[in-house]
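Notes follow once the structure below has been shown.
Numbering (our numbering), first residue to last: 29 to 168.
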């Protein structure tokens, strides 16, 4: 009877541990190396197609800049299709500032580093996040 109880307990523990590992998701680590100065923060947001260009992302992080570089990690990300937007918020007002002609005053970038002359598009910034950790670089 003790042996049966021990086996059942062991199986339950293994099953519970595996369920916790699988439910935590994986990480996306983003590095930006070419930031023009150390003023303010860099704000990054992880978006789905539904949240892209419509406010905060599903996960948001920010980082102080050290020597023109930042590295941040989005944790517990489930597999799916995402895009990452990054903003160098020099004046720390938590939004992008624009010139009178509509051009951005602050540097920004996106996953896949698309070169566009209009508003960012999800189609050019999206990437598939699978079941393994991901490292990426964004260029301002």
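Beta carbons: idealized from backbone N, C-alpha and C, even for Gly.
Compute the beta-carbon to beta-carbon distance between residue i and residue j, rounded to the nearest angstrom, for a pair I have assumed lies under 8 Å.
i           : j           : result
residue 94  : residue 72  : So it is not a contact: roughly 16 Å between Cβ atoms.
residue 135 : residue 116 : 4 Å
I need the DSSP call for residue i, collapsed to helix, strand or coil.
i           : result
residue 144 : coil
residue 111 : strand
residue 126 : strand
residue 139 : coil
residue 80  : coil
residue 168 : coil
residue 48  : Because residue 48 sits at a pLDDT of 43, beneath the cut-off of 50, its placement in the model cannot be relied upon, and the following sentence gives the value as read from the coordinates. Helix.
Looking only at its chain, what residues have a beta carbon closer than 6 Å to the beta carbon of residue i, apart from the 5 residues adjacent to it on each side?
i           : result
residue 113 : 73 and 138
residue 90  : 69 and 71
residue 49  : Note that residue 49 has pLDDT 46, beneath the 50 cutoff, so the model's placement of it is unreliable and no number is given.
residue 125 : 133 and 134
residue 158 : 107
With the cut-off set at 9 Å, would you say residue i and residue j are in Cβ contact?
i           : j           : result
residue 56  : residue 97  : no
residue 105 : residue 53  : yes
residue 101 : residue 156 : no
residue 15  : residue 86  : There is no way to answer for residue 15, as the model of the chain reaches only from 29 to 168.
residue 67  : residue 118 : yes
Using C-beta distances below 8 Å, list every residue in its chain close to residue i, excluding the 5 sequence neighbours before and after it, in chain order.
i           : result
residue 154 : 77, 109, 110, 111, 139 and 140
residue 84  : 73
residue 168 : 60, 62, 63, 64, 114, 116, 135, 136 and 137
For residue i, which residues in the same chain have their Cβ closer than 7 Å to its Cβ, ignoring the five residues on either side in sequence?
i           : result
residue 152 : 140, 142 and 144
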